[in-house]
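Have a look at the structure below before the remarks.
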Amino acid sequence: MAPMPLRVEIPVSHLRSTDPCEPYSTVFVRSTPKKFPFSFTKALVNNDTLIDVENINQWFQSGDQAYIIVASAMVLVMVPGLGFLYSGLARRKSALSLIWACMASCSVITFQWYFWGYSLAFSQYGKSGFIGDLSKFGLMKTLGAPSPGSPLIPDLLYAFYQMQFCAVTAAIVVGAVAERGRLIPMMVFIFCWATLVYCPIACWAWNVNGWFFKWGGLDYAGGGPVEIGSGMSALAYSMVLGRRQEKMMLNFRPHNVSLITLGTILLWFGWLGFNGGSAFGANLRATMACWNSNLTAMFAATAWVLLDWRLARKWSMVGWCSGCISGLVAATPASGYIPPWASVVLGIVTGIVCNFATKVKFWIKIDDALDVFAEHGVAGMIGLLFNGIFGAAYIIGLDGVNTGLFPGGWIEHNYKQLYIQFSYVVAATAYAFVVSALLAFIIDKIPGLHLRASEEAELLGMDDDQLGEFAYDYVEVRRDYLAWTPAKNDPISTEHSIPQGERHGIAQHSQMLEGKEPSESSGDAHTGISGDRHAIAAEKPELQA
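Residues 1377 to 1921 (our numbering) are what the sequence shown spells out, left to right.
This is the structure we're talking about:
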């Protein structure tokens, strides 16, 4: 009789299995059942004995796998989206350096995640509840078993999808270097940060042994590790890095609103894969998450634009983009838990609160140049707290896996959920800020890795100082065009005799070029915060005093 083909049976365990660390396969070899650890990385342990292995993919729906592969690609697009957003918000002389920082951070995270990041965040063999272990170092024991996040997709696909989450979070954090930070020290920081900040918080929320997960906490797509983690880490890095030179902030405004809009649209597109894909399958929960994400984003954008209009009596494209992003951030932890009507409330509240949160950096004197704290940190906190109030069990069960597992929030009389959420917010906020600040402080003290560029480099621009390439090949044209020498019909026959100091459109910069001490004020014509209506409103009382 011919040998019986090897048969692999995969138990699709419940998401909250009582013993998630013991996935197994039953292997029949020549009609003799044997138990093997579930690791298809070593499926053929004995070529003389194991004759034939059945198709591993049969245990998963191809539609679910295809959806998450596409969602991973959508999330990846968010990294250049952040680069364009940050580039547009900065000045021309530092525009390319921020795109480089975002893309280079993606390279660093890809290595870190493959090396040990996935294992530290999601290894089910680590029992501490704080961080995983190195059992899945280098993707060992990572192939065809049901993933730690959902039995709907295999472990290998889950690892790839979660890598994009970490890469996007790192790209958010690198915005802290805007216009005055050196790039290589930031890359060193990002590797250490992903290991010591992102991986632990991701373990708390999503690892089957994480303390917040086991406590019954609700964090759908990353309010803790992604949003609070990035917002607080960027704030801590900005604090250690120091403020930009005030004398160089004259006439400051975002240099390219079209790039800001393009970046926002790419982020919006990717966020539908970020939130929709966190259902880990092509199911109704994914659809609900996409609906909630759009509702929250659009109502937050509307609220933000209306609040900006009250300051300038003009509509702001930058305001719309800021509101849209803050709404998408708030939807990240909440879109898979709350009903659509609650997403409308979430959007309005987020747009208002985050709009006013942009003033916090002026109160605490930390130069969070790109408002990462206000738009990511604060919005992530709001979304997590909304889960404690508006979480609904029927929304959670729409994926067909978590049916009946979660009791919801206040609207379903589960009143303890709010303090569980609040505890997580406090823990993630404090941990991310303190550890990130310590990391930045230590790296800054290492010879050759000081975080801050020189004052001369800041004046020259990070593109020239750090890259030697530029976003634009251009001749600097002063905004005060009336200051140019009137054109003459015939070219002059002698050499130009324009003093060096008069070749720059901003008086204080001209004085610096001549070696003079820059004057304190240039009057009302050029204000260093003309592109930031909140900064103008915040500084008016100081000027009047």
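Glycine is no exception: its CB is placed at the ideal position from the N, C-alpha and C atoms.
In this text the structure is predicted, and so the values were computed from the model without any measurement.
contact_flag[the region 1838 to 1851, the region 1459 to 1469] where n(CB pairs < 8 angstroms) is 3 or more: yes
Within 10 angstroms of the Cβ of Q1434, are there 16 or more other Cβ atoms? Answer buried if so, exposed if not. Position 58 of the sequence shown, counting from 1, holds the residue named residue 1434. It counts as exposed.
Compute the Euclidean distance between the alpha carbons of V1681 and F1513, then round it to the nearest angstrom. Numbered from 1 along the sequence shown, position 305 holds the residue referred to as residue 1681. Numbered from 1 along the sequence shown, position 137 holds the residue referred to as residue 1513. Each residue's alpha carbon lies about 47 angstroms from the other.
Which residues does DSSP list as the beta-bridge partners of R1629? Numbered from its first residue, the sequence shown carries residue 1629 at position 253. R1629 is not bridged to any residue.
Cα-Cα separation between F1491 and C1575, rounded to whole angstroms: Translated into positions along the sequence shown, residue 1491 becomes position 115. Translated into positions along the sequence shown, residue 1575 becomes position 199. Each residue's Cα considered, the two are about 13 angstroms apart.
To the nearest whole angstrom, what separates the beta carbons of G1723 and L1671, a pair I think is in contact under 8 angstroms? Mapped onto the sequence shown, residue 1723 falls at position 347. Mapped onto the sequence shown, residue 1671 falls at position 295. With a Cβ gap of about 6 angstroms, G1723 and L1671 count as contacting.
Just the Cα atoms here: how many angstroms apart are N1668 and P1715? Here residue 1668 refers to the residue found at position 292 when the sequence shown is read from its first residue. Here residue 1715 refers to the residue found at position 339 when the sequence shown is read from its first residue. N1668 and P1715: Cα-Cα distance of roughly 8 angstroms.
contact_flag[the region 1595 to 1614, the region 1543 to 1555] where n(CB pairs < 8 angstroms) is 3 or more: yes
Give the single residue among M1693, I1728 and L1572 whose Cα lies nearest to the Cα of F1375. What the structure shows of the chain is the stretch from 1377 to 1921, and residue 1375 is not part of that stretch, so it cannot be assessed.
Per DSSP, G1557 is paired with what? Counting from one through the sequence shown, the residue named residue 1557 turns up at place 181. Bridge partners of G1557: R1828.
Which residue marks the beginning of the alpha helix (DSSP H) containing W1685, and which one marks its end? Counting from one through the sequence shown, the residue named residue 1685 turns up at place 309. Its alpha helix (DSSP H) spans residues L1660 to A1688.
For G1657 and D1775, believed in contact at Cβ under 8 angstroms, the rounded distance: The residue given as residue 1775 occupies position 399 in the sequence shown. The residue given as residue 1657 occupies position 281 in the sequence shown. Confirmed, Cβ separation roughly 6 angstroms.
Contact check, E1834 vs M1562, beta carbons under 8 angstroms: Translated into positions along the sequence shown, residue 1834 becomes position 458. Translated into positions along the sequence shown, residue 1562 becomes position 186. The answer is no: Cβ separation not under 8 angstroms.
With a 10 Å radius around its C-beta and 16 neighbouring C-beta atoms as the bar for buried, classify G1785 as buried or exposed. For the purposes of this step, residue 1785 is taken as residue 409 along the sequence shown, with counting starting at 1. Classification of G1785: buried, given that the 10 Å Cβ count is 16 or more.
Pair every Cβ in the region 1700 to 1714 with every Cβ in the region 1751 to 1764, then say whether three or more of these pairs are closer than 8 angstroms. yes
Nonlocal neighbours in the same chain, by C-beta distance under 7 angstroms from A1552, ignoring five residues either side: The residue labelled residue 1552 in the question sits at position 176 within the sequence shown. Result list for A1552: A1610, Y1613, S1614, L1617 and V1748, in chain order.
Do Q1842 and L1635 have their CB atoms nearer than 8 angstroms? For the purposes of this step, residue 1842 is taken as residue 466 along the sequence shown, with counting starting at 1. For the purposes of this step, residue 1635 is taken as residue 259 along the sequence shown, with counting starting at 1. No, they are not a contact pair.
Near C1700, which residues of its chain fall below 7 angstroms by C-beta distance, leaving aside the five closest residues on each side in sequence? Counting from one through the sequence shown, the residue named residue 1700 turns up at place 324. For C1700, where only same-chain residues beyond five positions count, the Cβ hits under 7 angstroms are T1640, W1644, A1673, A1676 and A1677.
At what residues does the alpha helix (DSSP H) containing D1531 begin and finish? Along the sequence shown, one-based indexing puts residue 1531 at 155. Its alpha helix (DSSP H) spans residues D1531 to V1549.
Same chain, Cβ closer than 6 angstroms to I1577, five either side skipped, listed in chain order: On the sequence shown, residue 1577 is found 201 positions in, with the first residue counted as 1. Here the set comprises G1600, P1601, G1605 and A1804.
Which residues in the same chain as A1755 place their Cβ atom closer than 6 angstroms to its Cβ, once the five residues preceding and following it in sequence are excluded? Translated into the one-based positions of the sequence shown, residue 1755 becomes position 379. Result list for A1755: S1702, V1705, A1706, T1726 and C1730, in chain order.
What separation, rounded to the nearest whole angstrom, lies between the Cα atoms of A1516 and S1698? Start at 1 with the first residue of the sequence shown, and residue 1516 comes out as number 140. Start at 1 with the first residue of the sequence shown, and residue 1698 comes out as number 322. Here residue 1516 turns out to be Met, not Ala, going by the sequence shown. Those two C-alpha atoms are separated by around 41 angstroms.
Report the CB separation of F1498 from P1530 in whole angstroms; it is logged as a contact under 8 angstroms. Residue numbering aside, residue 1498 sits at position 122 when the sequence shown is read from its first letter. Residue numbering aside, residue 1530 sits at position 154 when the sequence shown is read from its first letter. With a Cβ gap of about 13 angstroms, F1498 and P1530 do not count as contacting.
Other residues of its chain near Y1443: CB distance less than 6 angstroms, five sequence neighbours each side excluded: Taking the first residue of the sequence shown as 1, we reach residue 1443 at position 67. Closer than 6 angstroms at the Cβ level, and outside the excluded window around Y1443, lie A1658.
The alpha helix (DSSP H) that contains M1693, what's its start and end? Within the sequence shown, numbered from 1, the residue matching residue 1693 stands at position 317. Here the alpha helix (DSSP H) through M1693 covers M1693 to A1710.
When burial is assigned at 16 or more other CB atoms within 10 Å of the CB, is P1823 buried or exposed? Here residue 1823 corresponds to residue number 447 of the sequence shown, with the count starting at 1. With fewer than 16 other Cβ atoms within 10 Å, it is exposed.
With 16 other CB atoms within 10 Å as the buried threshold, where does A1745 fall? Taking the sequence shown and counting its residues from 1, the one referred to as residue 1745 is at position 369. By the 10 Å Cβ count, A1745 comes out buried.
Beta-carbon separation of Y1795 and F1588 under 8 angstroms? In the sequence shown, residue 1795 corresponds to position 419, counting from 1. In the sequence shown, residue 1588 corresponds to position 212, counting from 1. For Y1795 and F1588, no; Cβs fall outside 8 angstroms.
Below 8 angstroms on the Cβ atoms is my contact criterion, and I expect V1694 with V1777 to pass it. Report the Cβ-Cβ distance as a whole number of Å. As a first step, residue 1694 must be located in the sequence shown, where it is residue number 318. As a first step, residue 1777 must be located in the sequence shown, where it is residue number 401. Wrong, their Cβ atoms sit about 40 angstroms apart, outside the cutoff.
In this structure, how does DSSP classify P1716 when only helix, strand and coil are distinguished? Working through the sequence shown from its first residue, we reach residue 1716 at position 340. Three-state result, P1716: helix.
Could you spell out the range, first to last residue, of the alpha helix (DSSP H) harbouring W1739? Locating residue 1739 in the sequence shown gives position 363, counting from the first residue. From DSSP, the alpha helix (DSSP H) with W1739 extends over V1736 to I1740.
Can you have a look at S1711 and say buried or exposed, based on whether 16 or more other CB atoms are within 10 angstroms of its CB? Residue numbering aside, residue 1711 sits at position 335 when the sequence shown is read from its first letter. With 16 or more Cβ atoms within 10 Å of its Cβ, S1711 is classed as buried.
Own chain, CB closer than 7 angstroms to P1630, minus 5 neighbours either side, in chain order: On the sequence shown, position 254 is the one that residue 1630 refers to. Contacts found: G1464, L1465, I1636, V1694 and G1907.
Buried or exposed: where does G1780 fall if 16 or more other Cβ atoms within 10 Å of its Cβ makes it buried? Position 404 of the sequence shown holds residue 1780. Flag for G1780 reads exposed.
To the nearest whole angstrom, what separates the beta carbons of D1595 and L1528, a pair I think is in contact under 8 angstroms? The residue labelled residue 1595 in the question sits at position 219 within the sequence shown. The residue labelled residue 1528 in the question sits at position 152 within the sequence shown. In fact, because the Cβ distance is near 19 angstroms, the residues do not count as touching under 8 angstroms.
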